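Residue numbers (our numbering), protein chains in the order written: chain G, 402 to 514; chain P, 30 to 143.
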């Protein structure tokens with residue numbers, strides 16, 4: 402079955418450590434997105450990518466980094482520069498160049514101790 | 030810039046209707062609507078494109094007022110399963126092409142009681 406897989410589902414890290422969240426899709430989608438979800442603040446866009454080897458900053462990119470070396474993969478690194486990294490992170494994908502729907506992964510919950 | 034949703038929360042009895050609004054300060058290319066249940070990923074409801082169209086999905090429909098850059102989601106004869114958080118997502122573009130950036134509002138929490 403096609404879909405988006407995020408891992409890990411839960412992650413605990415110490416303050417000051419970098420963390421990488423995985424996002425893999427087998428939907429043959431061109432565009433991939435990372436959102437951060439905090440209570441009462443909705444879904445905020447971190448980074449997005451429309452093609453391999455290219456990505457753009459979203460509204461809250463500071464303290465995060467991404468790569469898009471393969472069409473299927475769009476990992477997100479939460480760096481030590483991110484001041485409040487504890488959150489629920491959602492990865493999504495869709496066909497580029499088409500006003501298509503977003504397909505979301507199940508999310509990764511990061512807790513920084 | 031995030032679109033603005035209103036109201037922030039709605040409480041209904043089964044069978045009642047509700048309207049959720051979404052507005053943007055910029056000219057929109059499309060508007061998306063999603064519903065998220067607690068602890069789950071958001072699920073797609075519908076997309077509205079430039080042109081002021083209206084769409085429907087069972088007893089859930091939506092409209093897009095291009096002149097006002099506003100969209101409204103209409104839930105009629107609400108069911109218990111409608112409970113969740115509703116998000117509108119807005120997309121900018123030009124010349125029939127999207128910029129690719131999809132930004133969401135802060136969400137509207139809908140609770141339906143028996």
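Glycine included, C-beta positions come from ideal geometry on N, C-alpha and C. Treat the numbers as computed from the prediction; the structure is a model and nothing was measured.
Residue i: first and last residue of the uninterrupted beta strand (DSSP E) it sits in
i, result
"residue 513/G", "509-513"
"residue 469/G", "Taken as a continuous stretch (DSSP letters only), residue 469/G belongs to no beta strand (DSSP E), as it is neither H nor E."
"residue 432/G", "432-438"
"residue 447/G", "444-452"
Any C-beta of chain G under 7 Å from that of residue i
i, result
"residue 134/P", "yes"
"residue 143/P", "no"
"residue 93/P", "no"
"residue 36/P", "no"
Option in the options with minimal Cα separation from residue i
i, options, result
"residue 67/P", "126/P, 128/P and 111/P", "111/P"
"residue 71/P", "44/P, 142/P, 133/P and 141/P", "133/P"
"residue 96/P", "54/P, 124/P and 44/P", "54/P"
"residue 514/G", "481/G, 497/G and 496/G", "481/G"
Residue i CB to nearest heavy atom of the ligand FMN below 6 Å
i, result
"residue 468/G", "For the ligand FMN, the structure offers nothing, since it holds no ligand at all."
Within-7 Å CB hit, residue i to chain P
i, result
"residue 505/G", "yes"
"residue 443/G", "yes"
"residue 446/G", "yes"
"residue 502/G", "yes"
"residue 418/G", "no"
"residue 451/G", "yes"
Handout entry: Length-filtered (3 minimum) beta strand (DSSP E) runs lying within the segment 38-88 of chain P
Key = 38-42, 47-52, 59-65, 72-78 and 83-86
Handout entry: Three-pair Cβ contact test at 8 Å for the segment 443-456 of chain G versus the segment 408-427 of chain G
Key = no
Handout entry: Contact the segment 34-48 of chain P vs the segment 446-463 of chain G: 3+ CB pairs below 8 Å
Key = no
Exercise for the section: Kindly confirm or deny that the segment 481-495 of chain G and the segment 91-109 of chain P touch, where touching means at least three C-beta pairs closer than 8 Å. Expected result: no
Handout entry: Ranges of the beta strand (DSSP E) found wholly within the segment 476-505 of chain G, counting only runs of at least 3
Key = 477-479 and 488-495
Problem - Continuous beta strand (DSSP E) assignments of at least 3 residues falling wholly in the segment 78-141 of chain P - result: 83-86, 89-94, 99-104, 113-123 and 126-133
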